[in-house]
Amino acid sequence: MTVREILTAAHPALRKKARRVGDLTPALDKLIDDMIETMREAPGVGLAAPQVGVSQRVIVVEYAENEEQEQPAEVDQPPAPRKLFVVINPELVRPSVAMVTATEGCLSVPGYAGEVERFAEVSVKGLNRRGSPIRLRARGWLARIFQHEVDHLDGVLYTDRAQRVWALEKEETLDNV
Ligand code: ZN
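Every position in the sequence shown, counted from 1, becomes a number in our numbering once 674 is added.
In structure tokens:
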């Protein structure tokens with residue numbers, strides 16, 4: 675596995691609509707491995723292939739299922755285990771009527787955060803890395819991550835949707851995606 679370079683906002687590859695994946699090839703498998711390693715090394719909780727300069731509809735997400743970032747951490751409770759999702763040709767379906775505004779950041783826009791309105795819940799369907807159809811229901815922070823990653827596949831950055839964007843203080847960190 676190789677850590678790939680994460681492109682930042684001025685790069686034109688981040689503004690292209692990515693192509694649907696056809697055949698599952700060894701090169702695709704290698705891309706997915708590299709994306710997982712790159713996301714973990716960053717560190718981030720999600721990554722889309724255009725962020726590493728590959729114009730294909732592939733995302734990886736690693737986050738606890740249905741974990742709410744807003745919840746205060748319980749001292750006696752172990753953190754919910756993170757779960758890795760690899761989705762090829764992801765599509766968002768059945769979005770909730772409810773919307774939520776929260777702060778998000780992006781590995782391709784380092785040093786900034788913004789307030790973005792997203793669907794509170796959404797279903798994600800696509801293929802896993804073995805090519806089998808998958809479908810899952812995401813809510814809370816996980817739903818936000820999936821919406822952010824699918825935007826990347828359409829050349830959209832969160833800054834396009836943000837009501838406001840600001841520079842982070844040096845010591846501030848976010849779960850970037
Ligand atoms: Zn991003």
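Just so it is clear, CB atoms sit at the ideal spot from N, CA and C, and this is done for glycine as well.
- Boundaries cannot be given for residue 686, as no alpha helix (DSSP H) includes it and DSSP labels it neither H nor E.
- Unbroken beta strand (DSSP E) stretches of 3 residues or longer found wholly inside the region 763–790: 773–778, given in chain order.
- If you draw a straight line from the Cα of residue 834 to the Cα of residue 807, it comes to about 31 Å.
- DSSP lists 779 as the beta-bridge partner residues of residue 850.
- Residue environment for residue 699: exposed (fewer than 16 other C-beta atoms within 10 angstroms of its C-beta).
- One alpha carbon belongs to residue 690, the other to residue 829, and they sit about 5 Å apart.
- A distance below 7 Å between beta-carbons, with the five flanking residues on each side excluded, links residue 756 to the following residues of its chain, in chain order: 736, 737 and 738.
- Taking all protein chains shown into account, residue 818 has 16 or more neighbouring C-beta atoms within 10 Å of its C-beta and is therefore buried.
- Any heavy atom of the ligand ZN within less than 6 Å of a residue's beta carbon puts that residue on the list, which reads 780, 781, 782, 822, 826 and 851.
- Counting along the chain, the unbroken beta strand (DSSP E) around residue 801 starts and ends at 795–801.
- Put simply, of 763, 850, 805 and 799 the residue whose alpha carbon is nearest the alpha carbon of residue 729 is 763.
- Taking C-beta atoms under 8 Å as the contact rule, residue 794 and residue 773 qualify, at a distance of about 6 Å.
- Sequence-distant Cβ neighbours of residue 679 in its own chain, meaning closer than 8 Å and more than five residues away, are 726 and 727.
- Per DSSP, the continuous beta strand (DSSP E) segment holding residue 810 begins and ends at 807–813.
- With a cutoff of 9 Å on beta-carbon distance, residue 824 and residue 778 are scored as not near each other.
- Around the C-beta of residue 840, fewer than 16 other C-beta atoms lie within 10 Å, and the residue is accordingly described as exposed.
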